[in-house]
Amino acid sequence: MTDLPSEETLAAVFGDRAPVALAYAEWLADVGVAAGLIGPREAERLWERHILNSAAVAELIPAGAHAADLGSGAGLPGIPIAIARSDVRLTLVEPLARRVDPVQQFLRGTSLDVGVLRARAESAEAREHLAPIPVVLSRAVAALDTLARWSSPLLPIGGCLLAVKGRTAQDELSRTARVLRDIGFDEGEIKMCGRDDGGEGPRINATVVVLRKIAEPAGGTRRRRERD
Numbered sequence: 077m078t079d080l081p082s083e084e085t086l087a088a089v090f091g092d093r094a095p096v097a098l099a100y101a102e103w104l105a106d107v108g109v110a111a112g113l114i115g116p117r118e119a120e121r122l123w124e125r126h127i128l129n130s131a132a133v134a135e136l137i138p139a140g141a142h143a144a145d146l147g148s149g150a151g152l153p154g155i156p157i158a159i160a161r162s163d164v165r166l167t168l169v170e171p172l173a174r175r176v177d178p179v180q181q182f183l184r185g186t187s188l189d190v191g192v193l194r195a196r197a198e199s200a201e202a203r204e205h206l207a208p209i210p211v212v213l214s215r216a217v218a219a220l221d222t223l224a225r226w227s228s229p230l231l232p233i234g235g236c237l238l239a240v241k242g243r244t245a246q247d248e249l250s251r252t253a254r255v256l257r258d259i260g261f262d263e264g265e266i267k268m269c270g271r272d273d274g275g276e277g278p279r280i281n282a283t284v285v286v287l288r289k290i291a292e293p294a295g296g297t298r299r300r301r302e303r304d
């Protein structure tokens with residue numbers, strides 16, 4: 077890893093859990109690459125591109141909330157958020173055993189309040205175990221309208237979807253506005269999370285689409301029952 081943050085940055089983001097963040101980075105660079113959870117080239121830019129990018133989202137989660145990370149893969153963004161926010165409970169939702177097993181092995185060596193559910197985000201099993209849950213997270217998993225369809229059955233009215241996106245976030249939000257409204261979400265907003273230390277180290281930022289559920293989709297409950 078060539079982009080290791082300073083001790084000051086680690087302390088500012090993760091507090092006294094900075095050693096856990098370091099252990100997670102080492103695990104990603106070793107086991108994560110070997111298990112195919114991340115590409116080998118990602119090991120050189122783990123902090124800025126993955127860990128700090130994920131941790132930046134923590135500021136949007138209400139105190140004491142339970143959040144579900146859909147399509148969590150290597151535990152991103154859920155694990156960095158759990159390290160940064162000891163008051164937040166995370167459930168990582170991932171359907172593939174080859175991803176779930178190594179993540180669970182890492183978590184067993186920590187005291188993080190993180191559970192793992194092996195299930196598809198849109199499945200009845202996910203709804204049974206999670207709904208209603210106030211916050212749903214996702215990072216680099218699916219298009220915004222797809223995430224909204226997966227998230228809506230899990231969220232209560234007033235719950236929110238936090239989708240970590242890149243530079244095209246506003247374009248994607250604009251393109252899917254009508255579909256999102258039909259699913260029961262508000263018009264959404266773009267939040268720029270993180271902080272800039274002004275130094276030469278890795279940046280701590282993330283572009284997040286915030287969608288709040290304001291209604292149930294018309295006929296949604298009936299259609300879900302028919303599918304199940």
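Residues 77 to 304 (the numbering used here) are what the sequence shown spells out, left to right.
The beta carbon of each residue, even a glycine, is placed where N, CA and C say it ideally should be.
The model shown is predicted, which means the values in this text are computed figures rather than measured ones.
According to the neighbour-count rule (16 or more other Cβ atoms, all chains shown, within 10 Å of its Cβ), is residue i buried or exposed?
i: S306; result: This structure cannot speak to residue 306, because the chain is shown only from 77 to 304.
i: R174; result: exposed
i: G235; result: buried
i: P138; result: exposed
i: E84; result: exposed
i: D145; result: buried
i: E204; result: exposed
i: P116; result: exposed
Kindly indicate the opening and closing residues of the alpha helix (DSSP H) around residue i.
i: D258; result: 253–259
i: E263; result: Element bounds for E263: n/a, residue is neither H nor E.
i: W226; result: 220–227
i: A99; result: 94–103
What are the boundary residues of the beta strand (DSSP E) that residue i is part of?
i: A87; result: Per DSSP, A87 belongs to no beta strand (DSSP E); it is in the alpha helix (DSSP H), 83–90.
i: A315; result: Any property of residue 315 remains undetermined from this structure, which presents the chain solely from 77 to 304.
i: T283; result: 280–288
i: L239; result: In the sequence as displayed, the identity of residue 239 is Ala instead of Leu. Unbroken beta strand (DSSP E) run through A239: 236–241.
Assuming contact is defined by CB atoms lying nearer than 8 Å, are residue i and residue j in contact in what I supplied?
i: G264; j: L287; result: yes
i: L128; j: P81; result: yes
i: P156; j: S130; result: yes
i: L86; j: A105; result: no
i: I354; j: G242; result: In this structure the chain extends from 77 to 304, so residue 354 is not present and cannot be described.
i: A197; j: W226; result: yes
Tell me, to the nearest whole angstrom, how far the beta carbon of residue i is from that of residue j; I am working on the premise that it is less than 8 Å.
i: V133; j: L213; result: 7 Å
i: V179; j: G147; result: 12 Å between Cβ atoms; not a contact.
i: V48; j: A141; result: Nothing about residue 48 can be reported from this structure: the residues present for the chain run from 77 to 304 only.
i: V284; j: A239; result: 7 Å
i: P293; j: D79; result: In fact, because the Cβ distance is near 42 Å, the residues do not count as touching under 8 Å.
i: V192; j: L206; result: That pair is no contact at about 12 Å.
Item checked: Runs of beta strand (DSSP E) wholly within the region 144–211 (minimum 3 residues, chain order) -> 165–169, 190–193
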